[in-house]
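What follows is a short report on a single structure.
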Amino acid sequence: MSRLRTPAHPAYLRLVRASAWYDLVVTAGFATPWTYALVHDALSSSGSALGLGGLPELDPWQTLFANLMGSVVVVWAALRIVRPLPEYGAFDGIARVLFATWQAYALVHGVSRLLWLFLAVELTFGVLQLAPWVRGRGVGPGDGRRVGAAST
1 MSRLRTPAHP
11 AYLRLVRASA
21 WYDLVVTAGF
31 ATPWTYALVH
41 DALSSSGSAL
51 GLGGLPELDP
61 WQTLFANLMG
71 SVVVVWAALR
81 IVRPLPEYGA
91 FDGIARVLFA
101 TWQAYALVHG
111 VSRLLWLFLA
121 VELTFGVLQL
131 APWVRGRGVG
141 PGDGRRVGAA
151 ST
(Lines of atoms letter the chains of each structure in order from A and count residues from 1; the text may use other names and numbers.)
(Lines give C-alpha, C1' and ligand atoms only; values in the text may rest on other atoms or scores of the structure.)
Protein backbone atom coordinates (compact mmCIF):
# COMPACT_ATOMS: atom_id res chain seq x y z
CA MET A 1 0.00 0.00 0.00
CA SER A 2 1.15 3.54 -0.68
CA ARG A 3 2.96 5.47 2.03
CA LEU A 4 0.35 8.22 1.68
CA ARG A 5 -2.60 5.88 2.33
CA THR A 6 -5.06 8.54 3.43
CA PRO A 7 -4.98 12.31 3.85
CA ALA A 8 -4.83 11.84 7.65
CA HIS A 9 -1.69 9.66 7.43
CA PRO A 10 1.39 11.24 9.11
CA ALA A 11 3.38 11.08 5.85
CA TYR A 12 0.69 13.15 4.15
CA LEU A 13 0.80 15.76 6.91
CA ARG A 14 4.60 15.93 6.52
CA LEU A 15 4.03 16.56 2.80
CA VAL A 16 1.60 19.41 3.62
CA ARG A 17 4.21 20.95 5.93
CA ALA A 18 7.06 20.44 3.40
CA SER A 19 5.09 22.20 0.66
CA ALA A 20 4.46 25.05 3.10
CA TRP A 21 8.18 25.39 3.87
CA TYR A 22 8.91 25.47 0.14
CA ASP A 23 6.33 28.24 -0.31
CA LEU A 24 7.73 30.24 2.59
CA VAL A 25 11.30 30.05 1.33
CA VAL A 26 10.44 30.78 -2.30
CA THR A 27 7.86 33.54 -1.79
CA ALA A 28 9.01 35.43 1.30
CA GLY A 29 11.08 37.72 -0.92
CA PHE A 30 7.99 38.68 -2.90
CA ALA A 31 6.19 40.07 0.16
CA THR A 32 7.72 43.57 0.27
CA PRO A 33 8.72 46.08 -2.43
CA TRP A 34 12.33 46.13 -1.18
CA THR A 35 12.84 42.38 -1.10
CA TYR A 36 10.96 41.91 -4.37
CA ALA A 37 13.37 44.28 -6.14
CA LEU A 38 16.24 42.03 -4.98
CA VAL A 39 14.41 38.83 -5.97
CA HIS A 40 13.47 40.34 -9.35
CA ASP A 41 17.09 41.24 -10.08
CA ALA A 42 18.34 37.80 -8.97
CA LEU A 43 15.75 35.93 -11.05
CA SER A 44 16.35 38.10 -14.08
CA SER A 45 20.13 37.67 -13.86
CA SER A 46 19.80 33.91 -13.33
CA GLY A 47 17.42 33.51 -16.24
CA SER A 48 19.71 35.48 -18.53
CA ALA A 49 22.83 33.62 -17.38
CA LEU A 50 21.14 30.24 -17.98
CA GLY A 51 19.84 31.32 -21.38
CA LEU A 52 16.24 31.06 -20.20
CA GLY A 53 15.42 34.75 -20.53
CA GLY A 54 15.32 37.63 -18.09
CA LEU A 55 12.33 39.35 -16.53
CA PRO A 56 10.69 42.53 -17.80
CA GLU A 57 11.77 45.81 -16.24
CA LEU A 58 10.46 46.32 -12.74
CA ASP A 59 7.43 48.60 -12.50
CA PRO A 60 5.03 49.62 -9.69
CA TRP A 61 2.11 47.45 -10.92
CA GLN A 62 4.27 44.34 -11.18
CA THR A 63 5.66 45.06 -7.72
CA LEU A 64 2.17 45.51 -6.26
CA PHE A 65 0.92 42.17 -7.59
CA ALA A 66 4.11 40.39 -6.55
CA ASN A 67 3.73 41.84 -3.03
CA LEU A 68 0.06 40.84 -2.82
CA MET A 69 0.84 37.29 -3.96
CA GLY A 70 3.87 37.05 -1.69
CA SER A 71 1.99 38.29 1.37
CA VAL A 72 -0.91 35.87 0.92
CA VAL A 73 1.34 32.89 0.21
CA VAL A 74 3.56 33.63 3.23
CA VAL A 75 0.52 33.71 5.54
CA TRP A 76 -0.91 30.54 3.94
CA ALA A 77 2.47 28.82 4.34
CA ALA A 78 2.73 29.84 8.00
CA LEU A 79 -0.72 28.37 8.68
CA ARG A 80 0.25 25.03 7.12
CA ILE A 81 3.57 24.95 9.00
CA VAL A 82 1.94 25.62 12.37
CA ARG A 83 -1.10 23.42 11.75
CA PRO A 84 -0.76 20.99 8.82
CA LEU A 85 -4.29 19.65 8.44
CA PRO A 86 -5.36 17.18 5.74
CA GLU A 87 -7.94 19.64 4.40
CA TYR A 88 -5.22 22.28 3.97
CA GLY A 89 -3.33 19.81 1.78
CA ALA A 90 -6.39 19.41 -0.44
CA PHE A 91 -6.91 23.17 -0.77
CA ASP A 92 -3.20 23.70 -1.37
CA GLY A 93 -3.24 21.03 -4.07
CA ILE A 94 -6.12 22.81 -5.80
CA ALA A 95 -4.31 26.16 -5.54
CA ARG A 96 -1.17 24.61 -7.04
CA VAL A 97 -3.12 23.25 -10.00
CA LEU A 98 -4.48 26.77 -10.56
CA PHE A 99 -1.00 28.33 -10.21
CA ALA A 100 0.42 25.75 -12.63
CA THR A 101 -2.35 26.49 -15.12
CA TRP A 102 -1.57 30.22 -15.12
CA GLN A 103 2.17 29.55 -15.23
CA ALA A 104 1.66 27.34 -18.30
CA TYR A 105 -0.46 30.09 -19.86
CA ALA A 106 2.34 32.62 -19.22
CA LEU A 107 4.95 30.26 -20.71
CA VAL A 108 2.87 29.83 -23.86
CA HIS A 109 2.78 33.63 -24.10
CA GLY A 110 6.53 34.06 -23.97
CA VAL A 111 7.63 34.70 -20.38
CA SER A 112 11.09 33.64 -19.24
CA ARG A 113 11.58 29.88 -19.44
CA LEU A 114 12.91 30.14 -15.88
CA LEU A 115 9.25 29.70 -14.94
CA TRP A 116 9.50 26.01 -15.95
CA LEU A 117 11.39 25.34 -12.70
CA PHE A 118 8.54 26.75 -10.61
CA LEU A 119 5.89 25.03 -12.74
CA ALA A 120 7.53 21.63 -12.14
CA VAL A 121 7.43 22.12 -8.36
CA GLU A 122 3.82 23.37 -8.42
CA LEU A 123 2.68 20.33 -10.39
CA THR A 124 4.63 17.91 -8.21
CA PHE A 125 3.25 19.23 -4.91
CA GLY A 126 -0.22 19.60 -6.43
CA VAL A 127 -0.41 16.00 -7.66
CA LEU A 128 1.09 14.60 -4.45
CA GLN A 129 -1.35 16.51 -2.26
CA LEU A 130 -4.44 15.72 -4.34
CA ALA A 131 -3.71 12.05 -5.13
CA PRO A 132 -4.78 10.60 -1.75
CA TRP A 133 -8.04 12.57 -1.89
CA VAL A 134 -8.84 11.34 -5.38
CA ARG A 135 -7.69 7.77 -4.76
CA GLY A 136 -9.16 7.40 -1.26
CA ARG A 137 -11.98 9.92 -1.61
CA GLY A 138 -10.81 11.61 1.61
CA VAL A 139 -11.69 8.71 3.92
CA GLY A 140 -9.95 8.78 7.30
CA PRO A 141 -8.19 5.73 8.74
CA GLY A 142 -10.25 3.12 10.52
CA ASP A 143 -13.76 4.50 10.75
CA GLY A 144 -14.89 5.03 7.16
CA ARG A 145 -15.88 8.67 7.75
CA ARG A 146 -14.65 11.50 5.57
CA VAL A 147 -11.78 13.42 7.13
CA GLY A 148 -13.17 16.45 8.91
CA ALA A 149 -16.74 15.13 8.91
CA ALA A 150 -18.73 15.94 12.02
CA SER A 151 -19.40 13.00 14.30
CA THR A 152 -23.01 12.16 15.08
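Take 1 as the starting number for the sequence shown in my numbering and just add one per residue.
Note that CB positions come from ideal geometry on N, CA and C, so glycine has one too.
Between the Cα of Val111 and those of Leu52, Leu38, Tyr22 and Ser46, spot the shortest distance and give me the residue it belongs to.
-> Leu52
With a CB to CB cut of under 8 angstroms and the five nearest residues on each side skipped, what residues in its chain are close to Trp21?
-> Ala77 and Ile81
Pairwise C-alpha distance: Arg17 and Pro10 = 11 angstroms
Alpha carbon to alpha carbon, how far is Val74 from Glu122?
-> 16 angstroms
Can at least three beta-carbon pairs, one atom from the segment 56 to 64 and one from the segment 124 to 138, be found at a separation below 8 angstroms?
-> no
Gly89 and Leu13: beta carbons closer than 9 angstroms?
-> yes
Where in the segment 20 to 56 do unbroken runs of the alpha helix (DSSP H), each at least 4 residues long, occur, reported from the N-terminal end onward?
-> 33 to 49
Grab the span of the alpha helix (DSSP H) containing Gly126 for me, first residue to last.
-> Leu115 to Gly136
Closer than 9 angstroms to chain D by CB, Thr35 | Absence of chain D from the displayed structure is noted, only one protein chain being present.
Using the Cα positions of Val134 and Leu85, report the straight-line distance between them to the nearest angstrom.
-> 17 angstroms
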